[in-house]
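In the numbering used here, the protein residues as written are 1189 to 1864. Working notes, structure below.
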C-alpha cells in the first residue's frame, strides 16, 4: 500500500522536506548622472545568526573568550563579558537561531567569517548568514524623487506588490535583470546546501544613465530650498531643460515636512494645477498665430477691471489704461489679456482651445517618468463651460497644466518654435558600454511661424527689461521669461484660504538660448510674499547665475569663482577636477601640458619660472585626503573612495573636516565636513 498506492505522494512530501528550489537574485543595475556620478546603487548587507547546536563543546569552551573579544572589537556595542555571558546562555539552551548582527556591510561580514569557531563554516562553526540587498542614494535628497525608490516586493492577496516609484519604476525591468535559481538539499543538522550542477546563473540588471547634471541639480536644489525656507512655503519645484534637445538637466521637488524641513516627497513638477499668468504666453501665441494682433498694437485695460457676464476680471495693480500688448504682457495685465481673448474668440471659442491642443497641453508630456498625471483642458462642448470660461482661461484659470508642460511650451519659444519632448534617460549601459541611446524627439516642428516666435521672444524680454521680472536682470547675460501668480483652490484648499502659486518660467541667455528654467512655488496660507516675481523669479536668477558663472553644463567662461579666490591680495587656488581647470585656463588664454584624466583632482601652482601650471593632486591609498576648499561633490567623491562615511553640514565649499588629513583611514569611519 505504502509503495504502490501512496508512494508517489509520500516521495513528493519527502522531497519537499529535504529539497527546495532557491532563488539566486540578480544584481540590480545602477543609475548614473550624465557626467558619470553614481546616483543610485545596490549594496549587499548581511544578517548574521548562530546555530549553537552544531558547535562542539570542546571547541566552544576553548574559543568563547577569544570570540567574545573579537565581536566586541568589531561591533563596538557590547563588552566582551556581555557577549560571553549571552553566548554561554544560548549554548546551554541549544539556541539554533541566535541573533548576532543585522544589516552588516560586506567588509564586516568578511571579518566575521575569519573569527574563531565561525571560520569552521556553517556546518561546524554555526555561523548562519542571510544576504540581502539595500538600495542607496549616495547623495541623499539630491534628485531623490526623480531617481525614485525601490524596495523588494511583498506578496499580498496572491500578488507581488512592489514598492517602486520614479525612474526605478519606469525602468524596473531593465534595472532588475533576471533572477537565477538553484536546488538546495537539507543535510544532517538542518543545514541547507546547494546541489552541484543545478544552478542557473542570474542575468544582472543593466545600468541607466540619466540626462541629469549633478552640478546643475545641486545648484537648483539649494536655490529653491533657500526661498522655500525663507517664506515657509508649502512646496516648490524647479526644472532645468536643455533648449535644443529637451534633456532635463535638473528636476527638484521639495515639500515642507511636519518639522519644518524640506524633502523630496512628491513629484510636483508632474502635477497639473491652474498655472496663472504664465499661461498668457499661450493666449498671446494663439492671437499671433491667427494674425489677429501685433504685439505693438494697443489695448485698453480700462483701469484694470473689466466685467464679463456676472464676474469682474481685475489686475493685481489697478490703474492701467491704453498700452501696447507687449507692455500689457510685461506688466501681466489680467484685464487686457482677458479682453483680447474674449474679443477675438468669443464667437468661436473652440478655435482658441484648438491652439491649446496643438501645444499638446491636453496630453501627457510623454516624459520617461512614472506617475505623470493627465492635464485638463475644458472645451465648449463640456457641461462646465460657461460664458466666463474663455476670459478666465486666457489668464490661466480653468485649465490644469503641470509645470513640466509649461516648461515644454516656453522651451519651444526659446528653440525658435520647435517643441521638444522632455526626457530623462540618455542611455542604457551594460558592463560599461552603451547598448541603447536615446535621442531628442520633436513633438511639433513649428508651434508658430518665425514672425510670431520673434514677437513672443520680444515680449518675454520686455518682462525682464521693464515688467514684473525687471529685478532679476543680469549685467552678464540676457533673460527672457514670464512671471505668474495664481490663487489656489484644490485638494481641500479654498480660495478664501489665501494660498497662492508663484511662478517664473524663462530662458537664458537670450542671444543663444541654452537652458529653460521653470520655477513653481506654492505659498503657505495668507503669506505676505506670493507674487511669482517675488518668490519664483529669484530662484531662476540664482540657478542661472551659478550655471553661467561656473560653466556647469557647457564650456562657458567663468569657472574662476569655484576653484580660485583672493586672499591677502593673492589668488589662492583650490583643488578641483582637471576638467574645471581646463575651462579656467582656456578662459585665461593659457595652455596645460599635463596629461591628467578629467575626473582626477588637480591643483594649480606656480612653477620655478613663476608661470601658472596644473598638476595632479596625489592621493595616498588608506590615508585621509585633504578636502578643504573643495566643492561638495569632489570632496564626497574622494572621501568615499577611501572608504569613509561622509556626513555633510552646511552649504558651499568645505571649510573644515573632522578627521585630520594624512591620518590612516579606519574602515567604516565617519568624517564630518563643514561647508560654508
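Heads up, the beta-carbon is just placed ideally off N, CA and C, and yes, glycines get one too. All of these numbers come straight from a predicted model, not from anything done at the bench.
Within the region 1451–1527, ranges of the alpha helix (DSSP H) (whole runs, at least 4 residues) = 1468–1477 and 1513–1518
Taking the Cβ atom as the reference point for each residue, do residue 1584 and residue 1465 lie within a distance shorter than 9 Å?
-> yes
Using the beta-carbon count (16 or more within 10 Å), is residue 1859 buried or exposed?
-> buried
Which residues bound the beta strand (DSSP E) around residue 1698?
-> Careful: residue 1698 lies outside any beta strand (DSSP E) and carries neither H nor E.
Does the pairing of the region 1593–1605 with the region 1356–1376 give three or more beta-carbon distances under 8 Å?
-> no
Residue 1454 to residue 1560 span [Cα, whole Å] = Their Cα atoms are separated by approximately 11 Å.
Check residue 1707 in the structure and name its three-state DSSP category.
-> strand
Separation of residue 1401 from residue 1316, as counted between CA atoms = Inter-residue distance for residue 1316 and residue 1401 is about 43 Å (C-alpha atoms, whole angstroms).
Take the Cβ of residue 1543 as the centre, count every other Cβ of all protein chains shown within 10 Å, and call the residue buried at 16 or more, exposed below.
-> buried
Enumerate in chain order the residues of its own chain whose CB-to-CB distance from residue 1208 is below 6 Å, with the five nearest sequence positions on each side excluded.
-> 1372
For residue 1663, does the three-state DSSP call read helix, strand or coil?
-> Residue 1663: coil per DSSP, three-state reduction.
Return helix, strand or coil for residue 1213, following the three-state DSSP convention.
-> coil
Using the C-alpha atoms, what's the distance from residue 1609 back to residue 1442?
-> 24 Å
Pick helix, strand or coil for residue 1561, following the three-state DSSP scheme.
-> Looking at residue 1561 - three-state DSSP - the assignment turns out to be coil, as it is neither helix nor strand.
Answer with buried or exposed for residue 1474, where buried requires no fewer than 16 other C-beta atoms within 10 angstroms of its C-beta.
-> buried
Leaving out five residues on either side along the sequence, give the residues of the same chain with a beta carbon under 7 Å from the beta carbon of residue 1506.
-> Answer for residue 1506: 1491, 1492 and 1493, listed in chain order.
Leaving out five residues on either side along the sequence, give the residues of the same chain with a beta carbon under 8 Å from the beta carbon of residue 1495.
-> Excluding sequence neighbours, residue 1495 sits near 1501.
Pick helix, strand or coil for residue 1297, following the three-state DSSP scheme.
-> helix
Rounded to a whole number of angstroms, what is the C-alpha to C-alpha distance between residue 1569 and residue 1393?
-> 49 Å
What three-state label does DSSP hand residue 1292 in the structure shown?
-> strand
Reduced DSSP secondary structure (H/G/I, E/B, other) of residue 1746 | Because the pLDDT of residue 1746 is 40, which lies under 50, any placement of that residue in the model is unreliable, and the number read from its coordinates should be weighed accordingly. Of the three classes helix, strand and coil, the one that applies to residue 1746 here is coil, per DSSP.
Skipping 5 residues on each side, what residues in its chain have a beta carbon closer than 8 Å to that of residue 1421?
-> 1415, 1444, 1709, 1710, 1711, 1712, 1715 and 1723
Apart from the five residues on each side of it in sequence, which residues of its chain come closer than 6 Å, Cβ to Cβ, to residue 1605?
-> 1634, 1635, 1636 and 1641
Measuring CB to CB, does residue 1481 end up less than 9 Å from residue 1436?
-> no
For residue 1228, the three-state DSSP class (helix, strand or coil) | Collapsing the DSSP output to three states places residue 1228 in a strand.
Looking only at C-alpha atoms, which of 1404, 1365 and 1842 sits nearest to residue 1389?
-> Out of 1404, 1365 and 1842, 1365 has the C-alpha closest to the C-alpha of residue 1389.
In this structure, does DSSP put residue 1828 in helix, strand or coil?
-> helix
May I have the straight-line CA-CA distance separating residue 1657 from residue 1696, to the nearest angstrom?
-> 14 Å
Which runs of the alpha helix (DSSP H) fall wholly inside the region 1236–1267 and span at least 4 residues, in chain order?
-> 1245–1263
Element boundaries [beta strand (DSSP E), containing residue 1789] = 1789–1794
How long is the line joining the alpha carbons of residue 1647 and residue 1471, rounded to whole angstroms?
-> 13 Å
contact_flag[the region 1272–1284, the region 1244–1264] where n(CB pairs < 8 Å) is 3 or more | Flag = yes, the region 1272–1284 and the region 1244–1264 touch.
Residue 1730 lies in the alpha helix (DSSP H); which residues open and close that run?
-> 1725–1738
Just the C-alpha distance for residue 1477 and residue 1720, rounded to the nearest angstrom, thanks.
-> 27 Å
Less than 9 Å separating the beta-carbons of residue 1628 and residue 1460?
-> no
Spatially closest choice to residue 1325 from 1217, 1193 and 1554, by CA coordinates | Nearest option by C-alpha distance: 1217.
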